[in-house]
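Position 233 of the sequence shown, counting from 1, maps to 232 under my numbering, and the rest follow consecutively.
Positions of the beta carbon are idealized from the N, C-alpha and C atoms, including for glycine.
Since we're looking at a predicted model, the values are computed, not measured.
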Amino acid sequence: MDENLKIICPQCQKEIEKTSLGECPSCGYYFPLSPPERIALVADKGSFVEMSGGMQSSNPISLAGYEDKLVENRKKSSMNDAVTIGSCTIDKQKAILGVMSFSFMGGSMGSVVGEKIAEAMIEGCLSGSPVILFTASGGARMQEGIFSLMQMAKTASAAALLDETRTPLFIVLTNPTTGGVTASFAMLGDVILAEPGAIIGFAGPRVIEGTIKEKLPPSFQRSEFQLERGFVDLIVKREGLKGMLSYLIKTHVRSEPRG
Ligand SMILES: [Zn+2]
Numbered sequence: 000m001d002e003n004l005k006i007i008c009p010q011c012q013k014e015i016e017k018t019s020l021g022e023c024p025s026c027g028y029y030f031p032l033s034p035p036e037r038i039a040l041v042a043d044k045g046s047f048v049e050m051s052g053g054m055q056s057s058n059p060i061s062l063a064g065y066e067d068k069l070v071e072n073r074k075k076s077s078m079n080d081a082v083t084i085g086s087c088t089i090d091k092q093k094a095i096l097g098v099m100s101f102s103f104m105g106g107s108m109g110s111v112v113g114e115k116i117a118e119a120m121i122e123g124c125l126s127g128s129p130v131i132l133f134t135a136s137g138g139a140r141m142q143e144g145i146f147s148l149m150q151m152a153k154t155a156s157a158a159a160l161l162d163e164t165r166t167p168l169f170i171v172l173t174n175p176t177t178g179g180v181t182a183s184f185a186m187l188g189d190v191i192l193a194e195p196g197a198i199i200g201f202a203g204p205r206v207i208e209g210t211i212k213e214k215l216p217p218s219f220q221r222s223e224f225q226l227e228r229g230f231v232d233l234i235v236k237r238e239g240l241k242g243m244l245s246y247l248i249k250t251h252v253r254s255e256p257r258g
């Protein structure tokens, strides 16, 4: 790496070079990973085959400026919307992956995100492969009004199909996972993992402080806080993530559907 790649860590404010895992070598802060980086971290090399990559959002409530915003975000993130889905293998075991990206309109869930998450789940049901979803989201996409809220019901219904067909759903919560994503499929996994230090909640701390007129502790809504309260099953560091997912796939083989 050359000098130009030095950046300021937002957590410890030191000038650092990110490690290959996107970590600050000084304080361990995790920089966000793009879907291709995330896929490279967990999937067997060259095994990922994207599904519905070309799907784009329309402007369902004809909101002024939304289409321009979509164009701008597509350019900025090199994605068509805030999630990438597809099939892959992890230690030669088949899985369906979905990876959200905060860099596309704050990882907000509109009709395309909801549709693709549901599609990944249905593909898991049909193929019998476990579904692994990495979440990162500011919540519902307000620009799509009621259509974004409907994605909560849609993804939760698709998660119920996974349950009915006894197909495992593994969630990996990354920083931040909030709003309508937390309030729907992100909390419906059979096993819910989280990256260290990730903010996981519904409304953010500032909104809650404003409502209850009390100061919240700095650890509020972090992965470690949610682990203690049972929302998270396990906190896994990036270097151990592929091994953990591989272990979960191996130990959660689909059984016969309920009679
Ligand atoms: Zn740092």
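Closer than 8 Å to chain B by CB, residue 231: Protein chains in the displayed structure number just one, and chain B is not present.
Whole beta strand (DSSP E) elements within the stretch 131–184, 3-residue minimum: 168–176
Any non-hydrogen atom of ligand 1 closer than 7 Å to residue 25 Cβ: yes
Residue range of the unbroken beta strand (DSSP E) whose run includes residue 100: First-last for residue 100: undefined, no H or E at that position.
Same chain, Cβ closer than 7 Å to residue 81, five either side skipped, listed in chain order: 99, 100, 103, 104, 106, 107, 112
Status (buried if at least 16 other CB within 10 Å, exposed otherwise) for residue 110: buried
Any non-hydrogen atom of ligand 1 closer than 7 Å to residue 28 Cβ: yes
For residue 144 and residue 90, the rounded distance between their alpha carbons: 41 Å
Cβ contact (3+ pairs, closer than 8 Å) linking the stretch 23–43 and the stretch 235–247: yes
Contact check, residue 52 vs residue 79, beta carbons under 8 Å: yes
Beta strand (DSSP E) segment containing residue 89, residue limits: 82–89
Contact the stretch 128–145 vs the stretch 167–177: 3+ CB pairs below 8 Å: yes
Sub-8 Å separation of residue 208 and residue 215 beta-carbons: yes
Among 228, 160, 93, nearest to residue 260 - alpha-carbon criterion: Past the edges of the chain, shown from 0 to 258, lies residue 260, and the structure says nothing about it.
Enclosing beta strand (DSSP E) for residue 192 [first to last residue]: 190–193
Stretch-stretch touch, CB-based, cutoff 8 Å, three pairs: the stretch 223–234 with the stretch 195–207: yes
C-alpha distance - residue 26 paired with residue 10, whole-angstrom precision: 8 Å
Residue 221 (DSSP reduced to helix, strand or coil): strand
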